[in-house]
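To start, the structure itself, in structure tokens.
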Amino acid sequence: MKLPAFREIRQRFDAPFVEDIAGTAEGEVSRMIEETGLRAGSTVAVATGSRGIGNIAAIVKSVVAALAKAGLKPFVVPAMGSHGGATSEGQRRVLENYGIHEAATGCPIRSDIEPASLGETADGLPVYLDRNALGADHIVVVNRVKPHTDFKGSVGSGLMKMLAIGLGKQKGASYYHGAVFEYGFEHMISTVSQHVLDHAPVAFGLAIIENAYDQTAHLIGVPAGGLQQEERRLFQEAQRLMPRLPSDDIDILIVDEMGKNISGTGMDTNIIGRRMQNFETEPAIPRILRIIVRDLTPESEGNAVGIGLADFTTRRLVDKINHQYTYVNSITGMSPQKSRIPVFLDTDREVIEAAFSTIGMKPPGEGRAVRIRNTLSLGRVAVSEALSDELAGREDIEITDRRGPLEFDDQGTLAALPN
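The sequence shown begins at 142 in the numbering used here and counts up by one.
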């Protein structure tokens, strides 16, 4: 089969970034300590655990350092719902994979998968909270604010979701994901997180916003009193800074790797234009006919939730799937469809040729194709020549001199994208 030649392009995104991660994080935490009146000697649970956040280990270390410097007694708790196989030790390992462990942070890590009950919302929704966090004098949540992969609204993943679902552990996460069918995601996140704010010792949050190049764009302390309103404002900035594919009409998207350290759904649904969620309509753009995903990141520990978003994959990826981790995560999230295994073939060459054979009457060599490393890395991508011709002249795109066919070795493995 004659596959298209590819050209490297560079996308230009508006990309503010924080130059001094440690200094900025410590400064924001110190400001919050002063504003909220935290007293020396108090214990503070630092809740964190979302995947794929750039500089997260350095940020958490800086949060802990600022708290300790003020005479407080910090410790870290995993706030990740059912992740890590829904076990206490599994969640501790997830944090370790992010570089968050006692030696690095300088404080204890306390992981307990069994939450405490915190009563009910006005709607009758039960509220659960990490036992260790609830037993602390204060709670500080550290998370990235970004559009959610399962729904569209005025709030997404962030501090509110971490309070409602992350700290609710598997028991809370499983219940809330089910409640979404009746109450809607935004209503559920808003009401449950507000109940936590009203009934648990939440002091403040540290909101992280990233730019399109996976860099830390903003670090902002948010006091508990105005957390919901401020997060909605920050969410608009996070949306503005989101990366995107170079075209809204694509025949073939080749994704070199998916994983939990990249997105909760392995591939960011806001990037690929597929949610596959029962209670949400599919995004209008981008329109992608076929998606190929080639591999699973080691950091995922076999959790391949989101593989069902693809049309084709490789035996290499399928052999890496930890079905227990994958199914616990997808069933808890009420989206078993995202764990369906698509068509898989032995080699990259077979998979790519099979995908191109399904794009209709158009010859494969004329296909509109894009190849990306993952859905976090969109600053530099490869596009087929048919698509590069259309992109010529756009101010936000630079077409480089790198050009050539897809290269495979004797085993049919696709050569890596150049650094």
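A virtual CB, placed ideally from N, CA and C, is assigned to each residue, including glycine. Just so we're clear, the structure is a prediction, and the values are computed from it rather than from any experiment.
Should T438 and M399 be called a contact, given that it needs their Cβ atoms to be closer than 9 Å?
With respect to M399, T438 sits close: the two C-beta atoms are nearer than 9 Å.
Spatial distance of P215 from S203 (CA atoms):
So the two alpha carbons sit approximately 11 Å from each other.
So, under 8 Å CB-CB, L270 and L213 are touching, yes? Tell me the CB distance rounded to an integer number of Å.
Actually they do not touch by this definition, with Cβ atoms about 20 Å apart.
Straight-line CA distance for F497 to D389?
Per the coordinates, the alpha-carbon of F497 lies some 18 Å from the alpha-carbon of D389.
Within 10 Å of its beta-carbon, does I361 have 16 or more other beta-carbons around it, so buried, or fewer, so exposed?
In the assembly as shown, I361 is a buried residue. Its beta-carbon has 16 or more other beta-carbons within 10 Å.
With E440 and N238 assumed to form a contact (beta carbons below 8 Å), what rounded beta-carbon distance in angstroms separates them?
5 Å between Cβ atoms; contact.
Tell me the residue span of the alpha helix (DSSP H) that contains K202.
Boundaries of the alpha helix (DSSP H) harbouring K202: 197–210, taken from the DSSP string.
Which value, in whole angstroms, describes the spacing of the CA atoms of N515 and A353?
Straight-line spacing of the CA atoms in N515 and A353 works out to 12 Å.
Residue of G407, H279, E323, H359 minimising C-alpha distance to E169:
Nearest of G407, H279, E323, H359 to E169, Cα basis: H359.
With burial defined as no fewer than 16 other Cβ atoms inside 10 Å of the residue's Cβ, what is the status of G366: buried or exposed?
Classification for G366: exposed.
For S529 versus I393, is the C-beta distance shorter than 9 Å?
Against a cut-off of 9 Å, the Cβ pair of I393 and S529 comes out as no contact.
Rounded to whole angstroms, what's the CA-CA distance from R153 to I306? Just pull it up for me.
Approximately 35 Å between the Cα atoms of the pair.
Ordered along the chain, which non-local residues of its own chain (more than five positions away) have a Cβ less than 6 Å from that of T467?
In the same chain as T467, and ignoring 5 residues on each side of it, the C-beta atoms closer than 6 Å to its own belong to N444, A445, V446, S480, in chain order.
Would you identify the three-state DSSP class for G307, choosing helix, strand or coil?
If DSSP states are grouped into helix, strand and coil, G307 belongs with the helices.
In chain order, which beta strand (DSSP E) runs of at least 3 residues are fully inside the stretch 450–482?
Fully enclosed beta strand (DSSP E) runs of 3 or longer: 453–455.
Give the secondary structure of Y269 by DSSP, where H, G and I count as helix, E and B as strand, and everything else as coil.
Y269: strand per DSSP, three-state reduction.
Do V185 and V201 come within 9 Å of each other at the CB atom, strictly closer than that value?
No, these two residues do not count as a Cβ contact at 9 Å.
Whose C-alpha, out of A341, A206, I500, is nearest the C-alpha of A244?
Among A341, A206, I500, the Cα nearest to that of A244 is on A206.
Would you tell me roughly how many angstroms separate the C-alpha atoms of R521 and A211, rounded to the nearest one?
Each residue's Cα considered, the two are about 43 Å apart.
Does the stretch 272–292 come within contact of the stretch 344–351, defined as at least 3 CB pairs closer than 8 Å?
Short answer: they touch.
With E531 as the anchor, note down where its alpha helix (DSSP H) starts and where it stops.
Start and end: 526–532.
When DSSP labels each residue in this structure, what does H242 get in the three-state scheme?
It is coil, neither helix nor strand.
Residue-level contact to chain B via CB, E149, 9 Å cutoff
The chain inventory of the structure shown lacks chain B, comprising one protein chain alone.
Euclidean distance between Cα positions of L144 and T410
CA-to-CA, the gap between L144 and T410 works out to about 27 Å.
Can the beta-carbon of L296 be found less than 9 Å from the beta-carbon of E175?
At residue 296 the sequence reads Val, which differs from the Leu that was named. Taking 9 Å as the cut-off, the beta carbon of V296 is found no closer than this to the beta carbon of E175.
Should P477 be labelled buried (16 or more other beta-carbon atoms within 10 Å of its own) or exposed?
Its Cβ having fewer than 16 others within 10 Å, P477 is exposed.
Buried or exposed for A425, going by 16 or more other Cβ atoms inside 10 Å?
Burial call: exposed.
Extent of the continuous beta strand (DSSP E) run through N284:
Annotation for N284: the continuous beta strand (DSSP E) segment containing it runs 279–285.
Under the three-state DSSP convention, the category D339 falls into:
In this structure, D339 counts as helix in the three-state DSSP scheme.
Top-ranked residue by Cα proximity to I538, from L386, D550, E167
With distances taken between Cα atoms, I538 lies closest to L386.
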